[in-house]
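Undergrad:
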Amino acid sequence: MADKKTITIAIMDAPYEDARSTTTLRLIDLAAKRGYNINVFAYEGAVLQPFAAQTPHANAVHGRSVEEENHFIPKDAIAALMREAERNGGKIDWVNCGLCVDERGATNAIAGVRRGSPADFWQMAEASDNTLVVATR
Amino acid sequence: MKTLSIVENAYRATLEEQDDTIVWLHGAMKGAGADLALLLRGNAVNYLVQRQEAGGLAFGDWRQTQPPRIASDLAALAAKGVDICYVAEDVTDRGIARNELINSAQPVARGAVAELLGRYDRVWYW
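Protein chains in written order, with my numbering: chain A, 17 to 153; chain B, 3 to 128.
In structure tokens, the structure reads:
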């Protein structure tokens, strides 16, 4: 595709902390539907977004079973986004900051996530049509 | 010992959590026998608006089937015996009409908040 776009997104917030993470995933979804190549650099708490040990739970306060609750699990959303990108001829290259991973013990990420460094973020940005930084506040 | 919780921080990760975690926490504590009340202030007063619709979130082939329904959660909390009140001016300042809110929440004038706090043994500010 001659007009295929490549974007790089830096994300910083840990899951279940702020709506910025959900908004970021929605932007990635839109880019995936358009067949873009999407680079994600997960920094600080965001390395826990694709943490493989995330587990859905029942919710007694809501009165729902684990199946009924169908709880939002970020790693599943990210896996769905990776499938969506591939379906549309693009790809998601998700890079977790390695030192941030080590600090948090978040080594167990879903397939398709790789360990990297700030140098990867710089190189991805250099090779992209545009870069979006979704910083923590 | 009766506890009043003041909730001000609003819509923080509610799509991910499928609720507000502080409202949820009070549901769980009420279930454990706690004597609780909630005062919503600031942007959190919007939690009381009945016509909120957060459905439709989707990522690729994943669909959210249980979006947050915070007004309903608060109404359910009130039905369990948790007093729900809100700062009246914070509703007015945001252009929200009283008839848009759940029925089980009671207005408190901003100038009466201090007196309200004095009625409780503990006050937690979230």
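All residues carry an ideal CB built from backbone N, CA and C; glycine is no exception. Note that the structure is predicted; figures quoted are calculated from it, not measured.
#1: Listed in chain order, which residues of the segment 63 to 79 of chain B have Cβ atoms closer than 7 angstroms to some Cβ of chain A?
#2: Quick check: Thr-38(A) and Val-150(A), are their CB atoms within less than 7 angstroms of each other?
#3: In chain order, what residues of the same chain have a beta carbon less than 7 angstroms from the beta carbon of Met-17(A), not counting five sequence neighbours either side?
#4: Select from Thr-24(A), Thr-152(A) and Arg-42(A) the residue whose C-alpha is nearest the C-alpha of Ala-96(A).
#5: With distances taken between CB atoms, is the gap from Ile-27(A) to Ala-58(A) smaller than 7 angstroms?
#6: Please report the Cβ distance between Ala-122(A) and Val-63(A), rounded to the nearest whole angstrom; I am assuming they are in contact, meaning their Cβ atoms lie under 8 angstroms.
#7: Taking Cβ to Cβ, would you say Thr-5(B) is nearer than 7 angstroms to Leu-38(B)?
#8: Run down chain B in chain order and give the residues with a C-beta less than 8 angstroms from the C-beta of Thr-38(A).
#9: Please compile the residues from chain B whose C-beta is within a distance smaller than 8 angstroms of the C-beta of Ala-96(A).
#10: I'd like the span of the alpha helix (DSSP H) that includes Pro-134(A), first residue to last.
#11: Give me whichever residues DSSP pairs with Phe-57(A) in a beta bridge.
#12: Scan the segment 25 to 39 of chain B for residues whose Cβ lies nearer than 8 angstroms to a Cβ of chain A and list them as they occur along the chain.
#13: Do Leu-115(A) and Ile-25(A) have their beta-carbon atoms positioned less than 7 angstroms apart in this structure?
#14: Just tell me which of Ala-30(B), Val-25(B), Val-51(B) and Arg-53(B) has its CA closest to the CA of Leu-40(B).
#15: Please tell me whether Met-100(A) has its Cβ less than 7 angstroms away from any Cβ of chain B.
#16: Give the range of the beta strand (DSSP E) segment to which Ile-86(B) is assigned.
#17: Which residues bound the alpha helix (DSSP H) around Pro-90(A)?
#18: Considering only residues of the same chain and omitting the five flanking positions on each side of Ala-107(B), which have a CB-CB separation below 6 angstroms?
#19: Can you confirm whether Tyr-32(A), when its beta carbon is compared against all beta carbons of chain B, has any partner nearer than 7 angstroms?
#20: Please report the straight-line C-alpha distance between Asp-19(A) and Cys-113(A), rounded to a whole angstrom.
#21: At 8 angstroms on the CB atoms, spell out the chain B contacts of Leu-159(A), in chain order.
#22: Which residues in the same chain as Tyr-127(B) place their Cβ atom closer than 6 angstroms to its Cβ, once the five residues preceding and following it in sequence are excluded?
#23: Taking Ala-36(B) as the reference, which of Gln-66(B), Leu-79(B) and Ala-56(B) has the closest Cα?
#24: Buried or exposed for Trp-110(A), going by 16 or more other Cβ atoms inside 10 Å?
#25: Put Arg-14(B) into one of helix, strand or coil per three-state DSSP.
#26: Count the other CB atoms, across all protein chains shown, that sit within 10 Å of the CB of His-73(A); report buried if there are 16 or more and exposed otherwise.
#27: Determine which residues share a DSSP beta bridge with Tyr-127(B) and list them.
#28: Is there a Cβ of chain B sitting closer than 7 angstroms to that of Met-17(A), yes or no?
TA: Reading it off the structure:
#1: Asp-63, Trp-64, Gln-66, Thr-67 and Gln-68
#2: no
#3: Confidence at Met-17(A) is low in this model, with a pLDDT of 49, below 50, so the placement of that residue is unreliable and no value is reported for it.
#4: For the set Thr-24(A), Thr-152(A) and Arg-42(A), the Cα lying nearest the Cα of Ala-96(A) is the one of Arg-42(A).
#5: yes
#6: At roughly 5 angstroms, the Cβ-Cβ gap stays under 8 angstroms, so Ala-122(A) and Val-63(A) are in contact.
#7: yes
#8: Ala-15, Leu-17, Glu-18 and Leu-59
#9: Under the 8 angstroms cutoff, chain B gives Phe-61, Gly-62, Asp-63 and Trp-64.
#10: 134 to 142
#11: Ala-26(A) and Val-111(A)
#12: Trp-26, Gly-29, Ala-30 and Gly-33
#13: no
#14: Val-25(B)
#15: Met is not the amino acid found at residue 100(A); the sequence shown has Glu there. At least one CB atom of chain B sits nearer than 7 angstroms to the CB of Glu-100(A).
#16: 85 to 89
#17: 90 to 103
#18: Leu-50, Ile-86 and Tyr-88
#19: yes
#20: Cα to Cα, the separation comes out at about 30 angstroms.
#21: Outside the modelled stretch of chain A, which goes from 17 to 153, sits residue 159(A), for which no answer is possible.
#22: Ile-8
#23: Leu-79(B)
#24: buried
#25: coil
#26: exposed
#27: Ile-8(B)
#28: Unreliable positioning characterises Met-17(A) in this predicted model, as indicated by a pLDDT of 49, which lies under 50. A coordinate reading is not provided.
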